[in-house]
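Numbering (the UniProt record's numbering), first residue to last: 1 to 567. Beta carbons: idealized from backbone N, C-alpha and C, even for Gly.
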Amino acid sequence: MSHGVVDLSSKPWLSHYPAEVPATYEYPKQNLAHFLVQSASDYPDRDALHFLGKKMTYRQLLDAAYRFAGALSGLGVRKGDRVAVMLPNCPQAMIAYYGTLMIGGIVVMTNPLYMPRELEHQLNDAGAATIVTLDLLFERVMKVVPQTGIKQVIVTSIKDYLPFPKNWLYPLKAKKDGLKREVAYSGGVVSWVDLLRRATPEPGGVPVDSENDLALIQYTGGTTGIAKGVMLTHYNLIANAIQCKLWAYRTEVAKEKYMTALPFFHVFGMTVLMNQSAYVAGCLVLMPRYDVNQVLAAIHKLKPTIFPGAPTMYISLIHHPKVKEYDLSSIKFCISGAASLPHEVQVEFERMTNGKLIEGYGLTEASPVTHANNIWEKRKLGSIGIPFPDTDSRVVDLETGEELPVGEIGELVVRGPQVMKGYWNKPDETEKVLKDGWLYTGDLGRMDEDGYFYILDRRKDLIIAGGYNIYPREVEEVLFEHPDVEEAVVAGVIDPYRGETVKAYIVLKPDGEAGAEELKAWCKERLAAYKVPKQFEFRDSLPKTIVGKVLRRKLIEEEAEKLKQDL
1 MSHGVVDLSS KPWLSHYPAE VPATYEYPKQ NLAHFLVQSA SDYPDRDALH FLGKKMTYRQ
61 LLDAAYRFAG ALSGLGVRKG DRVAVMLPNC PQAMIAYYGT LMIGGIVVMT NPLYMPRELE
121 HQLNDAGAAT IVTLDLLFER VMKVVPQTGI KQVIVTSIKD YLPFPKNWLY PLKAKKDGLK
181 REVAYSGGVV SWVDLLRRAT PEPGGVPVDS ENDLALIQYT GGTTGIAKGV MLTHYNLIAN
241 AIQCKLWAYR TEVAKEKYMT ALPFFHVFGM TVLMNQSAYV AGCLVLMPRY DVNQVLAAIH
301 KLKPTIFPGA PTMYISLIHH PKVKEYDLSS IKFCISGAAS LPHEVQVEFE RMTNGKLIEG
361 YGLTEASPVT HANNIWEKRK LGSIGIPFPD TDSRVVDLET GEELPVGEIG ELVVRGPQVM
421 KGYWNKPDET EKVLKDGWLY TGDLGRMDED GYFYILDRRK DLIIAGGYNI YPREVEEVLF
481 EHPDVEEAVV AGVIDPYRGE TVKAYIVLKP DGEAGAEELK AWCKERLAAY KVPKQFEFRD
541 SLPKTIVGKV LRRKLIEEEA EKLKQDL
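Here it is as structure tokens:
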């Protein structure tokens with residue numbers, strides 16, 4: 001079906017689009033870095049970012065990105081070369097990202113929390129020859145350099161972009177915290193500050209074929225095993241940033257401030273924060289890491305208007321003992337992703353801020369957003385909403401791949417301009433998930449008669465106990481409703497009789513007192529007997545990814561280890 005011709009019978013969701021949101025749009029075929037160039041040309045003196053007290057305008061940010069692009073060229077980096085960026089949210093992360101794109105380089109965003117083994121795999125897999133990192137991470141990076149193709153390491157420090165006197169005090173504080181790292185600058189190790197100082201800010205750039213040239217190799221969270229490199233083109237990322245803006249149609253150009261609690265090295269933060277803000281000349285309030293106290297203080301003082309996040313972030317704000325002392329009313333809307341959003345959290349957060357909090361859905365392979373609830377119009381509880389403009393979605397039979405009727409459970413598949421080219425150097429893996437332009441998400445879901453989609457679980461997380469299919473999310477929703485429960489995750493653990501059994505891992509609220517029997521009784525009133533958890537484990541915290549997605553796989557692995565020891 002070509003764009004422009006809209007067939008409502010196959011896309012029931014279009015009748016629920018707000019009048020302001022187009023069903024289809026012409027996305028510009030250009031370099032993704034053009035977002036920054038355009039905003040700097042239209043609003044040179046507008047603040048592009050606030051970082052721990054330091055401000056940077058669009059003119060300054062663009063100047064730095066041009067300098068970085070020139071510096072990379074000087075180091076011999078050419079179009080198609082991979083540049084790894086291993087930084088928390090800081091000005092350097094944005095400068096390195098857009099500067100690399102300007103010369104046609106491919107960015108490889110690398111998690112600063114990676115341990116040497118994970119880092120070595122990623123750098124070798126991507127074939128990166130250049131890495132940009134922090135002095136605090138220098139030692140860890142240097143451990144793996146000999147085992148990789150890295151030729152140059154560009155080292156920066158948080159203090160490089162701190163205002164006076166913080167930049168002067170930073171080394172003292174770092175020393176006190178045991179963070180001071182001596183960097184040995186030599187042949188392949190280059191200082192960021194020197195590099196940018198020597199470079200000239202030449203506008204220009206290398207022409208790219210937007211639909212085919214890669215902007216990014218983004219490694220999947222690895223929640224399902226070994227991380228794979230997702231190939232995203234300039235066009236994929238441009239389309240998704242614009243789709244997000246079309247959806248949030250009340251976004252005002254050159255007026256929004258974004259709270260960046262999500263990291264840019266995760267594709268959700270990269271699209272809905274960094275690229276989105278550059279597209280609409282927004283201002284990013286940069287948080288190097290998620291700290292609930294700092295986030296509350298920054299919202300109170302700097303008045304951000306848009307705050308995308310993960311459910312765990314909103315949960316931590318709601319339960320903060322001093323939340324009433326902060327003014328959160330600047331928040332207009334938030335899009336929650338990375339995990340399912342409990343209804344209670346949505347209601348309480350909206351009450352506290354008077355803003356909107358909606359659930360969306362996406363995956364790295366789709367840049368990432370494909371579905372979202374309406375922000376200001378009809379939304380449905382527990383649903384991931386409806387497909388974005390130019391995005392098609394269906395639920396198909398797990399065996400045959402045939403499209404299923406309304407209400408039936410199968411695998412969610414999506415198609416649209418934001419869908420990846422494939423996995424880097426993994427044609428067999430690509431073939432498994434990309435079929436005739438459709439991306440097979442591996443998530444189980446259903447669609448209702450209005451075209452709203454509901455995710456039940458990862459295909460891999462489905463629990464099959466005594467022949468019944470149990471969706472962990474359904475059980476988690478019930479546990480979340482209990483007044484004593486702050487967090488809950490449900491997994492299938494090996495059971496000698498039933499094959500698998502349902503186990504719940506619970507974090508109670510500070511004053512929560514519920515025990516296993518009470519929670520079991522609570523579930524029994526609300527769920528079929530076979531879905532009620534047979535085992536409960538109470539914990540102080542749950543293992544999570546950097547964006548707050550609970551690592552169910554890690555819990556399952558722990559159980560398997562315990563079982564081995566018992567045998």
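| DSSP-derived helix/strand/coil call for residue 572 | One cannot answer for residue 572 here, as it falls past the ends of the chain, which runs 1 to 567.
| query | Roughly how many angstroms lie between the CA atoms of F307 and G187, to the nearest whole one? | reply | Roughly 42 Å between the two C-alpha positions.
| field | Contact set for P163: own chain, Cβ-Cβ below 7 Å, skip 5 residues either direction | value | Within the same chain, P163 has close Cβ partners G53 and K54.
| task | Please state whether DSSP places residue 574 in a helix, a strand or coil. | result | This structure does not reach residue 574, given that the chain is present from 1 up to 567, and the question cannot be answered.
| task | Within its chain, find whatever has a CB closer than 7 Å to the CB of S10; leave out the 5 residues flanking it on each side and keep chain order. | result | Within the same chain, S10 has no close Cβ partners at all.
| request: Report yes or no: do the stretch 60-69 and the stretch 88-105 share at least 3 C-beta pairs separated by less than 8 Å? | output: Taking one beta carbon from each stretch, the stretch 60-69 and the stretch 88-105 have 3 or more pairs nearer than 8 Å; the two touch.
| message | So, does the stretch 117-126 touch the stretch 79-88, judging by three or more C-beta pairs under 8 Å? | response | Touching, yes, given that three or more Cβ pairs across the two stretches are closer than 8 Å.
| Assigned exposure category for N236 - 16 Cβ within 10 Å defines buried | If you draw a 10 Å sphere on the C-beta of N236, you find 16 or more other C-beta atoms in it, and that means buried.
| field | Close-in-space but distant-in-sequence residues of the same chain around L519 (CB under 8 Å, 5 per side omitted) | value | These residues qualify, in order along the chain: L479, H482, V485, A504, I506, P533 and F536.
| message | In this structure, how does DSSP classify C334 when only helix, strand and coil are distinguished? | response | Assignment of C334 by DSSP, reduced to helix, strand and coil, places it in the strand class.
| field | Option nearest V347 by Cα separation, candidates A366, Y326 and K380 | value | The shortest Cα separation from V347 among A366, Y326 and K380 belongs to K380.
| Euclidean distance between Cα positions of S316 and G74 | Between the alpha carbons of S316 and G74 lies a distance of about 45 Å.
| Can you check whether the CB of L136 is closer than 8 Å to the CB of R181? | Yes.
| query | So N425 is in the alpha helix (DSSP H); what residue range does that whole segment cover? | reply | In the DSSP assignment, N425 falls outside any alpha helix (DSSP H), carrying neither H nor E.
| query | Quick one: what's A372 bridged to in DSSP? | reply | Beta-bridge analysis with DSSP links A372 to G360 and I386.
| said: Tell me whether the stretch 384-396 and the stretch 242-254 touch, counting them as touching only if at least three CB pairs, one residue from each stretch, are closer than 8 Å. | reply: Yes, they touch.
| task | Quick one: give me the first and last residue of the alpha helix (DSSP H) that G74 is part of. | result | Its alpha helix (DSSP H) spans residues Y58 to G74.
| query | What's the gap between the Cα of Q418 and the Cα of E402? | reply | One C-alpha to the other measures close to 23 Å.
| field | Contact check, V406 vs R394, beta carbons under 8 Å | value | Not in contact: V406 and R394 (Cβ atoms no closer than 8 Å).
| field | Contact the stretch 436-446 vs the stretch 260-273: 3+ CB pairs below 8 Å | value | They do not touch, by the three-pair rule.
| message | Measuring only the C-alpha atoms, how far is G205 from D213? | response | One C-alpha to the other measures close to 14 Å.
| field | Proximal residues to V132 (C-beta, below 6 Å), its chain only, five neighbours per side dropped | value | Take V132, set aside five residues on each side of it, and the residues of its chain with a beta-carbon closer than 6 Å to its own are V85, A96 and I154, in chain order.
| message | Quick check: what's the CA-CA separation for R59 versus G422? | response | Looking at the backbone, the Cα of R59 and that of G422 are separated by about 35 Å.
| Which one or two residues does DSSP pair with Y468 in a beta bridge? | A465.
| said: I'd like the ranges of any alpha helix (DSSP H) spanning at least 4 consecutive residues and lying wholly in the stretch 71-118. | reply: Taking 4 residues as the shortest admissible run, the stretch 71-118 contains the following complete alpha helix (DSSP H) segments, listed from N- to C-terminal end: 91-102.
| Quick one: what does DSSP say I546 is sitting in, helix, strand or coil? | Three-state result, I546: coil.
| query | Among the residues of its own chain, which have a CB less than 8 Å from the CB of D540, if the five just before and after it don't count? | reply | Within the same chain, and ignoring the five residues on either side of D540 in sequence, the residues whose Cβ sits closer than 8 Å to its Cβ are V507.
| message | Please identify the residue among L61, L404 and Y249 whose C-alpha is closest to the C-alpha of A23. | response | A23 has its Cα closest to that of Y249, out of L61, L404 and Y249.
| When the Cα atoms are used, what is the spatial distance from P12 to G282? | Straight-line Cα distance between these residues: approximately 33 Å.
| task | Please list, in chain order, all residues of the same chain as E139 whose beta carbon is under 7 Å from its beta carbon, the five residues on each side excluded. | result | Cβ-Cβ distances below 7 Å link E139 to R181 in the same chain, with the five nearest sequence neighbours on each side left out; the list follows chain order.
| Contacts around I470, its chain only, beta-carbon distance under 8 Å, and the 5 residues preceding and following it disregarded | In the same chain as I470, and ignoring 5 residues on each side of it, the C-beta atoms closer than 8 Å to its own belong to L462, I463, I464, G492, V502, Y530 and K531, in chain order.
| task | Look at I358 and A372 and say whether their C-beta atoms are less than 8 Å apart. | result | Yes, these two residues count as a Cβ contact at 8 Å.
| request: Counting only the same chain and skipping the five closest in sequence on each side, list residues whose C-beta sits under 6 Å from that of A298. | output: Contacts found: V285.
| Taking the runs of the alpha helix (DSSP H) that are 4 residues or longer, which of them lie wholly in the stretch 264-310? | Entirely contained in the stretch 264-310, the alpha helix (DSSP H) runs reaching 4 residues are, in chain order, 276-280 and 292-302.
| said: Taking 7 Å as the limit between beta carbons, can you name the residues of its chain near R289, skipping five residues before and five after? | reply: Apart from the 5 residues on each side of it in sequence, R289 sits with its Cβ closer than 7 Å to the Cβ of P88 in its chain, given in chain order.
| request: Identify, in the order they occur along the chain, each residue of the same chain with its Cβ nearer than 6 Å to the Cβ of R526, setting aside the five sequence neighbours on each side. | output: Correct list, in chain order: V478.
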